[in-house]
Ligand SMILES: [Cu+2]
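What follows is the structure, encoded as structure tokens:
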């Protein structure tokens, strides 16, 4: 009788360890993010062509002179660390993250300031103002859904500095 009880307890302890082990693996998701531009002239066309922010009308992403590139476009829900590196030679960049609006449309945008309205866009966090060559990290917990990573230094979002990331169950 005593032996049977011990065996059961041992089994339960083993199962618990397995569950925690799985959770620890899920929490280790790291996304490498590159913030890049084509050099000093990257902002010259600002205001002279249709904006290239997410879902802006007539956006031609082939004209983008700045951008954000990630090493994965889909990640599992849970704790995610974004490691952002400013790969520009001369320009400060940053990385913010907001949910893609439920209607699939544009992020709220201040045309006069050339910036996303961060609060209305429900910004979830940021790696702010990185000098060229610098790296910063943001760790947040994300539910399943679609999110947009973007740079909100004036003009940069409109010049193409954004990308999508999908969080799965
Ligand atoms: Cu930027």
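In my numbering, the protein residues as written are 28 to 196. C-beta: ideal position from N, C-alpha, C; glycine also.
1) Exposed or buried, which one is residue 137 when buried takes at least 16 other CB atoms within 10 Å?
2) Quick check: does the Cβ of residue 180 come within less than 8 Å of any heavy atom belonging to ligand 1?
3) Tell me whether residue 88 counts as near ligand 1, meaning its Cβ is closer than 8 Å to at least one heavy atom of that ligand.
4) For residue 180, tell me which candidate among 170, 196, 167 and 155 has the shortest Cα-Cα distance.
5) Specify, as a first and last residue, the run of the beta strand (DSSP E) that residue 10 falls within.
6) Measuring alpha carbon to alpha carbon, tell me which residue in 159, 63, 57 and 61 is nearest residue 117.
7) I'd like the list of long-range same chain contacts for residue 85, defined as Cβ closer than 7 Å, with 5 residues on each side in sequence excluded.
8) Does the pairing of the segment 122–133 with the segment 163–173 give three or more beta-carbon distances under 8 Å?
9) By Cβ distance, which residues of its chain are closer than 6 Å to residue 92, with the 5 residues on each side in sequence left out?
10) Under the three-state reduction of DSSP, which class applies to residue 165: helix, strand or coil?
11) Count the other CB atoms within 10 Å of the CB of residue 115; is the residue buried (16 or more) or exposed (fewer)?
12) Spatial neighbours of residue 151 within its chain, please: C-beta separation below 7 Å, excluding the five flanking residues on both sides.
13) With DSSP as the reference, identify every bridge partner of residue 122, one or two as the case may be.
So, from the listed chains and residues:
1) exposed
2) yes
3) no
4) 155
5) It is not possible to answer for residue 10, since the shown part of the chain is limited to 28 through 196.
6) 159
7) 77
8) yes
9) 65, 69 and 186
10) strand
11) buried
12) 124, 125 and 167
13) 154
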